[in-house]
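**Student:** Below is a structure I'd like to ask you about.
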Amino acid sequence: MGGGDCPERLVIIGGGYVGIHDAVLAARRGVRSVLVVDINPEVVEAINGGRGELPHVRDYYVSLHWREVRDRIEATTSYSEARGAGVYIVAVQTPLRGGRVDYTPLRSVAESLSGVIEPGVLVASETTIYPGGTVELLGEPLSRATGYRLDGDILLAHVPERVNPGDRVWTPENIPRVAGAVGPRSLEAALRFYRGCLGLEVHPVSDIRVAEASKLLENTYRFVNIALVNELKRLLEPMGVDVREVIEAAATKPFGFMPFRPGPYAGGPCIPKDSRMLEEATGSLLLRIARHINETQPHYYAALILRRARSLGAGRILFYGLGYKPGACVAVESPVLRVMEALRSLDPALEVAGYDPCIPSASTFHSEEEALGWADLVVRWGYRDRDLGGLEVVQLEDL
Numbered sequence: 096m097g098g099g100d101c102p103e104r105l106v107i108i109g110g111g112y113v114g115i116h117d118a119v120l121a122a123r124r125g126v127r128s129v130l131v132v133d134i135n136p137e138v139v140e141a142i143n144g145g146r147g148e149l150p151h152v153r154d155y156y157v158s159l160h161w162r163e164v165r166d167r168i169e170a171t172t173s174y175s176e177a178r179g180a181g182v183y184i185v186a187v188q189t190p191l192r193g194g195r196v197d198y199t200p201l202r203s204v205a206e207s208l209s210g211v212i213e214p215g216v217l218v219a220s221e222t223t224i225y226p227g228g229t230v231e232l233l234g235e236p237l238s239r240a241t242g243y244r245l246d247g248d249i250l251l252a253h254v255p256e257r258v259n260p261g262d263r264v265w266t267p268e269n270i271p272r273v274a275g276a277v278g279p280r281s282l283e284a285a286l287r288f289y290r291g292c293l294g295l296e297v298h299p300v301s302d303i304r305v306a307e308a309s310k311l312l313e314n315t316y317r318f319v320n321i322a323l324v325n326e327l328k329r330l331l332e333p334m335g336v337d338v339r340e341v342i343e344a345a346a347t348k349p350f351g352f353m354p355f356r357p358g359p360y361a362g363g364p365c366i367p368k369d370s371r372m373l374e375e376a377t378g379s380l381l382l383r384i385a386r387h388i389n390e391t392q393p394h395y396y397a398a399l400i401l402r403r404a405r406s407l408g409a410g411r412i413l414f415y416g417l418g419y420k421p422g423a424c425v426a427v428e429s430p431v432l433r434v435m436e437a438l439r440s441l442d443p444a445l446e447v448a449g450y451d452p453c454i455p456s457a458s459t460f461h462s463e464e465e466a467l468g469w470a471d472l473v474v475r476w477g478y479r480d481r482d483l484g485g486l487e488v489v490q491l492e493d494l
């Protein structure tokens, strides 16, 4: 599978979760030289230094295959080294900053890439963006700077990323992809690379904006339904109705229903940001309401924890597990961090700290022993099998 339509050289712009997964997949499928360009020297050093160990992204798929492909993957901070590739994958973030989506990284790619691309290359953006954003922020600036025509000299496509950190079943090798492009030549080139080289199942769409909007819908669908069950939890449980039991009962219907469960926040690097991007692009009232519900949810959970802490006389609250979902080794937009912040605001006299064995950078303590020795009450997020030494434990996802 794959290999027949692979370029000799592939450049990936962005060495984060998406970029490193793309690099490993491409190297496994037969691309002889994969260059990752990232502006962060620490990321570059981690990738290049990972020839004997692992790179900075230690997700299941990367860890499983890194030794096999490490000699085909290099990294650099310099765009000048990115000349001569047949395909460029853009995998930079469009992060939330101060409650707004920051498109600066994509604009910077357009500026830097214009000095190195040559006619006939495929530029495939996997960066999540609003409908029309790939052309507006990447394609048109590239065309103006180089004088190259879109769908002529520059083959431009959008193939939304679908990496699911920690998933051992759905990996970059078997997750179906969507592809849209600015014209038929660009779409043909994208299908040749993603189907022919990478060996993926690809669903082509008629317009690049359809591909962009489809990615936003995937995560916004989850965001809205999480907001629904979060609000129902607040409304039903004071009535003595267990919302989780309600969801399990509804889920016995074999059609027309998909269960979503309440939680402290619809977190992670994608769901809040993608729904906000669609809200900004469309002005949706429904998304504004859903955002309000989800953004106030950490305070609701903090109040539940505060009640428990006061009933126990606990003054030191340790949050054990800091990932954006239980067991995840990524703390971006973590519900736990938001609940911790809300708890501090509710009772400044409480001491609140966090520990996660797989996210040392976000942890207050250097070791589990130190963390548990400090705590009066543990609020655990995932890690159900961990023995916490007889401490009083609240399981956050069960509240």
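In terms of my numbering, the sequence shown opens at residue 96 and continues consecutively.
Cβ coordinates follow ideal geometry from the N, Cα and C atoms, glycine included.
#1: Classify MET96 as helix, strand or coil using the three-state DSSP reduction.
#2: Mind reading off the beta-carbon distance from VAL474 to PHE414? Whole number of angstroms is fine, and I expect it under 8 Å.
#3: Do ARG433 and TYR360 have their C-beta atoms closer together than 8 Å?
#4: Determine the burial state of ASP154: buried for a count of at least 16 other Cβ atoms within 10 Å of its Cβ, exposed for fewer.
#5: Can you tell me whether DSSP reads ARG162 as helix, strand or coil?
#6: Between PRO348 and ILE184, what straight-line distance do the alpha-carbon atoms span, to the nearest angstrom?
#7: Runs of 4 residues minimum, wholly inside the segment 377-451: which ones carry the alpha helix (DSSP H) assignment?
#8: With a 10 Å radius around its C-beta and 16 neighbouring C-beta atoms as the bar for buried, classify ARG386 as buried or exposed.
#9: Hey, out of GLU428, THR377 and GLY408, whose CA is closest to PRO393's CA?
#10: DSSP three-state label for LEU486, please.
#11: Determine the extent of the beta strand (DSSP E) in which VAL338 is found, giving its start and end residues.
#12: Which two residues bound the contiguous beta strand (DSSP E) that contains LEU295?
#13: Taking contact to mean 3 or more Cβ pairs, one atom from each stretch, closer than 8 Å, check whether the segment 164-171 and the segment 112-124 are in contact.
#14: Could you tell me the distance, in whole angstroms, from the CA atom of ASN389 to the CA atom of ILE321?
#15: Within its chain, find whatever has a CB closer than 6 Å to the CB of ARG439; leave out the 5 residues flanking it on each side and keep chain order.
#16: State the start and end residues of the unbroken alpha helix (DSSP H) segment that holds TYR478.
**Tutor:** Looking at the coordinates:
#1: Low per-residue confidence applies at MET96: pLDDT is 46, beneath 50, and the placement is therefore not dependable, though the value from the model is reported in the following sentence. DSSP places MET96 in coil when its eight states are reduced to three.
#2: 5 Å
#3: Contact: yes.
#4: Sixteen is the threshold: when 16 or more other Cβ atoms of the shown chains lie within 10 Å of the Cβ of ASP154, as they do, the residue is buried.
#5: helix
#6: Looking at the sequence shown, residue 348 is not Pro but Lys. Computed Cα separation, rounded: 42 Å.
#7: 380-407 and 430-441
#8: buried
#9: GLU428
#10: coil
#11: From DSSP, VAL338 is part of no beta strand (DSSP E) but of the alpha helix (DSSP H) over 338-345.
#12: First-last for LEU295: undefined, no H or E at that position.
#13: Contact between the segment 164-171 and the segment 112-124 is present, with at least three C-beta pairs closer than 8 Å.
#14: 8 Å
#15: Close CB contacts of ARG439 within its chain, under the 6 Å cut and outside five residues either way in sequence, are with VAL447 (chain order).
#16: Run containing TYR478: none; DSSP gives neither H nor E here.
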